[in-house]
Amino acid sequence: MGVENVHCRDCQFRHKGRFSDLNPDCLDTISNNKTCNLYKKGQLLLHEGSRPMGVFCIKEGKVKVFKLGQQGKEQITAILKEGDLIGYRAMLGDSLYHVSVEALEDVVACHIPKTDFMSAFENDKSLHNKLIGELSNEVMNLTAIITDLAQKPVRERTAAALVMLSDIYKNGNKESDSIDISLTRESLANIVGTATETLIRILHDFKEEGLVESKGRKLTVTNVKTLERVGGIY
């Protein structure tokens, strides 16, 4: 569903995104040629194995990035929010998408055609350096994730995941001690890499320890500092 196409320079999340320092000419080209659409909760923005025709920039809402493993089990590799860019890795590598991306809530995302994105990447040094730097950081983060999955107990991985999600869902409110996380228990288990039943038991323990609160499907992190220690985050 199409939505109003606001110029990129007027986007409230531009300063958080990859186009914050883009030169005016490139920004105008991208803004004039992009299309902004509403994706309902559960709708796919891109599908693993398809060929990229452009990149998406999230304007509103959050999405999950995931792969399907054995027997169709979902492994969530990232949660992305406003200002984040989707699909540029496959674009730069001239490859098919190796992940799928699904809206966790109603999402507004702007699609930037491949030719316009690649022109900006090749002609704007700030964008080029940002994306190359992110690709380098991604390799290091992937190494850390593999190490954690192999060595850290599930309790520590769950704590680390809650800390990461708290940073994503706090929406810039650094003063609040309580952060609501709008994610199903199954999705959280898929981030941690464990069974949903195991995750629920650990969340119950965290609740008893005063680290989280839960009411129905709602999960609230109440003590990020202690979760950082439990998760081995220093």
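For the sequence shown, our numbering assigns the number 42 to the initial residue and increments by one for each residue that follows.
Glycine residues also receive a C-beta, built at the ideal position from the N, C-alpha and C atoms.
Keep in mind the model is a prediction, meaning the values are calculated, not measured.
Identify every residue that forms a DSSP beta bridge with residue i.
i	result
G95	P154
K256	K259
V149	L79, E101
I220	V262
Starting from residue i and walking both ways along the alpha helix (DSSP H), at which residues does that stretch end?
i	result
T35	With the chain covering 42 to 275 only, the question about residue 35 has no answer from this structure.
L68	65 to 74
N231	226 to 233
Is it buried or exposed, residue i, if we count other Cβ atoms within 10 angstroms and call 16 or more buried?
i	result
G251	exposed
N182	exposed
M132	buried
N231	buried
S223	exposed
G174	exposed
G128	buried
H245	exposed
S61	exposed
A236	exposed
P93	buried
L137	exposed
K100	buried
R59	buried
L85	exposed
My guess is that residue i and residue j are in contact by the Cβ rule of under 8 Å, so how many angstroms apart are they, rounded?
i	j	result
K82	D147	6 Å
G124	K57	4 Å
A185	G272	About 12 Å; that fails the 8 Å criterion.
V106	V142	5 Å
V44	N78	6 Å
S255	K248	6 Å
A150	Y210	With 8 Å as the limit, A150 and Y210 do not qualify as a contact, their Cβ atoms being about 18 Å apart.
I71	D208	No, I71 and D208 are not in contact; Cβ-Cβ is about 28 Å, not under 8 Å.
V104	L126	In fact, because the Cβ distance is near 11 Å, the residues do not count as touching under 8 Å.
K75	H139	Contact doesn't hold; Cβ gap of about 24 Å is too wide.
L168	L68	So it is not a contact: roughly 10 Å between Cβ atoms.
L203	L268	5 Å
R226	L240	6 Å
So that I know if they touch, is there some Cβ in chain D lying closer than 9 Å to that of residue i?
i	result
V106	In summary, chain D is missing from the structure at hand, where a single protein chain is found.
Could you give the uninterrupted runs of the beta strand (DSSP E) lying entirely in the stretch 175 to 202, keeping only those of 3 residues or more? none
Go through the stretch 78 to 147 residue by residue and report every complete run of the beta strand (DSSP E) that reaches 3 residues or more, in order. 85 to 87, 95 to 101, 104 to 109, 115 to 121, 141 to 144
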